[in-house]
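S.K.: Residue numbers (the working numbering), protein chains in the order written: chain A, 2 to 107; chain B, 2 to 107. I am attaching a structure below and will ask some questions about it afterwards.
Rendered as structure tokens:
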């Protein structure tokens with residue numbers, strides 16, 4: 002049986018087959034968290050889901066926001082909040098791993 | 002009686018004694034509006050005030066957000082949403098002008 006390395010992001014447990022992707026995901030979540038906290042401290046009345054969504058929306062699309070900051074605000078109409086496809090694919094990997102872990106413990 | 006030029010931002014009617022400040026304010030509001038729209042389209046359940054506040058919070062602090070995008074997310078803890086002092090001062094000018102307009106019409 003072959004074995005392979007997997008990289009897990011401890012912020013949300015997600016698994017990646019490459020360390021680079023795992024690091025990028027972890028940094029995105031760290032940025033998202035900082036944005037959620039900043040919005041939470043300055044804009045009253047938002048619930049946790051809304052704060053998380055706002056943080057991730059901006060963190061995931063930071064390149065578009067950076068362009069908008071430089072005067073191209075129309076760039077923000079291209080914003081996409083759908084989960085990137087590879088994340089869904091990674092979820093499948095995650096499910097397989099969960100089953101794998103269960104089988105090992107069983 | 003001396004006369005002086007005032008620059009009015011048509012997005013919110015605010016007055017400025019310098020065109021440069023008026024332009025900067027107008028661009029900030031344009032960016033804030035684009036951000037509010039982007040958040041509104043992607044994060045459900047926010048009311049108009051919250052959307053406006055989020056847009057202005059980010060637009061006013063875009064330099065801090067740009068630093069956070071480059072990996073310094075701690076910069077966002079320095080975020081300040083208090084209205085800049087000169088805006089309050091400008092509001093006083095605005096009130097004087099409103100009275101001035103009324104006197105002219107009266």
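By construction, the Cβ of each residue, glycine as well, lies at the ideal position given by its N, Cα and C atoms. Values in this document were obtained by computation on a predicted structure and should not be read as measured data.
#1: Which one of 43/B, 58/B, 37/B, 60/B has the shortest CA to CA distance from residue 49/B?
#2: Any beta carbon of chain B sitting closer than 7 Å to that of residue 74/A?
#3: From 72/B, 63/B, 76/B, 70/B, pick the residue whose C-alpha is nearest to that of residue 28/B; which is it?
#4: For residue 74/B, is the classification buried or exposed, using 16 other Cβ atoms within 10 angstroms of its Cβ as the cut-off for buried?
#5: Tell me, please, which residues DSSP counts as bridged to residue 17/A.
#6: What did DSSP end up calling residue 82/B once you bin it into helix, strand or coil?
#7: Which residues of chain B have a Cβ atom closer than 8 Å to the Cβ of residue 30/A, listed in chain order?
#8: List the residues of chain B that residue 99/A touches, going by C-beta distances under 7 Å, in chain order.
#9: Mind checking the segment 43–56 of chain B against chain A and listing, in chain order, the residues whose C-beta falls within less than 7 Å of any C-beta there?
#10: Please state if the CB of residue 69/B and the CB of residue 80/B are separated by a distance shorter than 7 Å.
#11: Under the rule that 16 or more other beta-carbon atoms within 10 Å means buried, what is residue 46/B, buried or exposed?
#12: To which residues of the same chain is residue 12/B closer than 7 Å at the C-beta, ignoring the five residues directly before and after it?
#13: Does residue 23/A get closer than 7 Å to chain B when you measure Cβ to Cβ?
#14: Would residue 82/A and residue 65/A be called neighbours here (beta carbons separated by less than 7 Å)?
#15: Hey, is residue 63/B's beta-carbon within less than 7 Å of any beta-carbon in chain E?
M.R.: Concretely, from the data shown:
#1: Indexing the second chain from 1 puts residue 49/B at position 48. Of all alpha-carbon atoms in 43/B, 58/B, 37/B, 60/B, the one lying nearest the alpha-carbon of residue 49/B is that of 37/B.
#2: Here residue 74/A is taken as the residue at index 73 of the first chain, counted from 1. The Cβ of residue 74/A sits closer than 7 Å to at least one Cβ of chain B.
#3: By one-based count along the second chain, residue 28/B stands at place 27. With distances taken between Cα atoms, residue 28/B lies closest to 63/B.
#4: By one-based count along the second chain, residue 74/B stands at place 73. The residue in question, residue 74/B, is buried, as its Cβ has 16 or more Cβ neighbours within 10 Å.
#5: Reading the first chain from its first residue, position 16 is the one you call residue 17/A. According to the DSSP secondary-structure assignment, residue 17/A is paired through a beta bridge with 8/A.
#6: Start at 1 with the first residue of the second chain, and residue 82/B comes out as number 81. It is coil, neither helix nor strand.
#7: Taking the first residue of the first chain as 1, we reach residue 30/A at position 29. Those do not exist, as residue 30/A stays about 10 Å from chain B at its closest Cβ, beyond 8 Å.
#8: Translated into the one-based positions of the first chain, residue 99/A becomes position 98. Below the 7 Å Cβ cutoff, chain B contributes no neighbours of residue 99/A, its closest Cβ being approximately 29 Å away.
#9: Under the 7 Å Cβ criterion, the segment 43–56 of chain B contributes 43, 44, 46, 47, 51, 54, 55.
#10: On the second chain, residue 80/B is found 79 positions in, with the first residue counted as 1. On the second chain, residue 69/B is found 68 positions in, with the first residue counted as 1. No, Cβ-Cβ distance for residue 80/B and residue 69/B is not below 7 Å.
#11: Residue 46/B sits at position 45 when you count from the first residue of the second chain. Residue environment for residue 46/B: exposed (fewer than 16 other C-beta atoms within 10 angstroms of its C-beta).
#12: Mapped onto the second chain, residue 12/B falls at position 11. Taken in chain order, the residues that qualify are 27, 30.
#13: Within the first chain, the letter at position 22 stands for residue 23/A. Taking Cβ atoms only, chain B never reaches closer than 7 Å to residue 23/A, which makes this a no.
#14: Numbered from 1 along the first chain, position 81 holds the residue referred to as residue 82/A. Numbered from 1 along the first chain, position 64 holds the residue referred to as residue 65/A. At least 7 Å separates the beta-carbon of residue 82/A from that of residue 65/A.
#15: Absent from the structure: chain E. Protein chains present are A and B.
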